[in-house]
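Residue numbers (the UniProt record's numbering): 1 to 431. Backbone N, C-alpha and C fix where the C-beta goes; we use that ideal spot for every residue, glycine too.
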Amino acid sequence: MEGLFAILLLLLLMGLGVPVAWSFAGVLAYLAMAYDANLDTLMMQGFRSVDSVILIALPLFVLTGYLMQSGGIASRLVTFIETLVGKRRGGMGASMVLASGVFGAIAGTATAAVASIGTIMIGPLEQRGYPRGYSSALLGISSLLGILIPPSITMILFAVVTRQSVAALFAATVGPALLLIAGLILANRFAAGRLFQEVASEGLANGQAPSKGRATWRALPALSLPFIILGGIYGGVFTPTEAAAVAAFAAIVIGFLVYRDQSLKHFSRSVIAASETTGSIILILLFSFMIGRILAFERVPQDLTELITTLIQNPLLILIAVNVFLIVAGAILDDVSVTVVVAPLFLPLMVDTGIHPVHFGAIVACSVVIGANSPPVAPILYMACRIGRVSIHKTFAPALQLIAFVGIPVMLITTFVPELSLFLPRLLGFL
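Written out as structure tokens, the structure is:
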């Protein structure tokens, strides 16, 4: 009962506008009093949990995302992709989906993708006939490819709280990511011909599109980043943490010396923004680890497993129930909260049901894609609306349509076809 009340308290505090980290602190204080926990011991265990080499990758990947935006990397990636596919029917929307995917393969975060890709593309999309509400909804969902395509900050957090292999989790979300990309491109192509009329492309650069050769040449330094990062990780050249350092260093070099769009002023702003984001996430992790210790000591996950298996006998129905809960939780909580609190809570149940922890990580990542764009909280969708300068009410309908016809089917396929998530990790020898 205390565990359920703790979740309700977390929702209440966040609903009242309390910052997420301090909402977790409030829940921790309640559980410590309810179970008469030793805070000194909890604090020591919490600090030991965040004292992880893997977590060093977190601030570096966050910094890489901000540096891509301020260093001109994101804009050149978008221009390159737009010259390749932008003139086809639905091509401009497909360009945004693909650009978000490439951005995610470098930075591993959704918020930076929303800011970078949205700032560059929402205006040109409107010129092509795309309604701003629809464009913002497509931006919100496609930006979550940063969570599915490795490297992924969400999967790093999942690996830390569940003690799984980061590389295996990175590989597990590649299949769902490709499926989501294909689904979004097909849905956008359908929408471009029926929901609105797309006009001819004139390019991104003030009405004058560069040639394919020139756009490719300009984008080569930026395009080399995902090959360096993912090739280095899966080729055994360096660890995910070392890959994060390489990505940040490469973004600095490309921004300052190759594109020369980076400045000391912009660089300092990127460092400050990355530090603020990382600090908030680390606080959430610290408090969530301490909350997890209390819940584990009181056998709350085990009690939850016994309760659900008593009420539901069919493993398929258990999976559906967990999927529904994850979507609802994602619609109320942010992606970090779902990953570090809800996911470990259900992990014992999933293992008892026969779901591999790495497969469950892919399911959680898909649920975040849906929840982050679902009302009432919808943090990514709200951010996309701010970037697109459009009312949230104009984005709800297209967002829910994309979720219903693309997001949920991808999540269900990921859930009920385990090989979609486990084939690549096994092929690469991580499982």
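Given a cut-off of 8 Å, decide if residue j and residue i are closer than it, judged by their beta-carbon atoms.
i	j	result
LEU286	VAL50	yes
LEU28	MET290	yes
PHE346	PRO240	no
ILE229	PRO151	yes
THR162	ALA343	yes
VAL358	ALA187	no
GLU198	GLY90	yes
PHE158	THR339	yes
SER143	GLY388	no
SER52	VAL160	yes
LEU431	LEU422	yes
ALA37	ALA172	no
Go ahead and label residue i buried or exposed: buried means 16 or more other beta carbons lie within 10 angstroms of its beta carbon, across all protein chains shown.
i	result
LEU225	buried
THR310	exposed
LEU427	exposed
ARG76	buried
VAL324	exposed
GLN69	buried
LEU204	Bear in mind that a pLDDT of 49 at LEU204, under 50, signals an unreliable position, so the number given afterwards is only what the model happens to contain. LEU204 comes out buried.
LEU67	buried
ILE327	buried
GLY279	exposed
PHE416	exposed
ARG214	exposed
ARG218	buried
Quick one: residues in its chain with C-beta nearer than 6 Å to the C-beta of residue i, no 5 flanking neighbours on either side, listed in chain order?
i	result
ILE141	ASN373, LEU402
ALA222	ILE73, ARG76, LEU77
THR64	ALA107, ALA247, ALA248, ALA251
ILE185	ALA94, VAL97
GLY46	LEU286, PHE289, MET290
ALA273	TYR66
CYS385	SER136, ILE392, THR395
residue 483	Because the chain here runs from 1 to 431, residue 483 falls outside it and cannot be looked at.
What's the gap between the Cα of residue i and the Cα of residue j?
i	j	result
LEU295	ILE106	36 Å
ALA192	MET14	37 Å
ILE254	LEU11	42 Å
ALA110	ARG128	25 Å
PRO379	GLU298	32 Å
ILE54	GLY108	14 Å
LEU139	SER268	27 Å
ILE120	LEU16	33 Å
GLY429	SER165	11 Å
ILE153	ILE117	18 Å
GLU306	PHE24	26 Å
GLY207	GLY71	With a pLDDT of 48 at GLY207, under the threshold of 50, the modelled position of this residue cannot be trusted; read the value that follows with caution. So the alpha carbons of these two residues sit roughly 23 Å apart.
GLY232	PRO425	16 Å
MET383	VAL351	35 Å
SER211	SER263	28 Å
ALA244	LEU333	27 Å
PHE256	LEU316	53 Å
ASN314	ARG48	39 Å
TYR259	VAL237	27 Å
LEU412	LYS265	45 Å
VAL18	GLY235	43 Å
GLY26	VAL368	24 Å
VAL271	MET43	28 Å
SER275	GLU242	19 Å
TRP22	PHE227	38 Å
Between residue i and residue j, how many whole angstroms is the CB-CB distance? I'm expecting something under 8 Å.
i	j	result
ALA6	LEU31	6 Å
ILE355	GLY330	That pair is no contact at about 18 Å.
THR277	VAL20	Incorrect: roughly 12 Å between the Cβ atoms, too far for contact.
PRO176	LEU148	6 Å
LEU178	VAL406	Going by Cβ atoms, the distance from LEU178 to VAL406 rounds to 13 Å, so no, they are not a contact pair.
ALA365	MET155	7 Å
ALA112	SER100	That belief does not hold up - the Cβ atoms of ALA112 and SER100 are roughly 10 Å apart, past 8 Å.
VAL341	SER288	5 Å
THR216	PHE80	6 Å
LEU145	MET92	Actually they are not in contact, since the Cβ atoms of LEU145 and MET92 sit about 17 Å apart, beyond 8 Å.
Ordered along the chain, which non-local residues of its own chain (more than five positions away) have a Cβ less than 7 Å from that of residue i?
i	result
ILE281	LEU58, VAL336
VAL410	PRO176, LEU179, LEU180, GLY183, CYS366
residue 433	Here the chain has residues from 1 to 431 only, and residue 433 is not among them.
Spatial neighbours of residue i within its chain, please: CB distance less than 8 Å, with the 5 preceding and 5 following residues excluded, ordered by chain position.
i	result
TYR134	ALA191, LEU195, PHE196, THR395, PRO398
TYR35	GLU2, ILE294, PHE297, GLU298
ILE312	ILE318, ALA321
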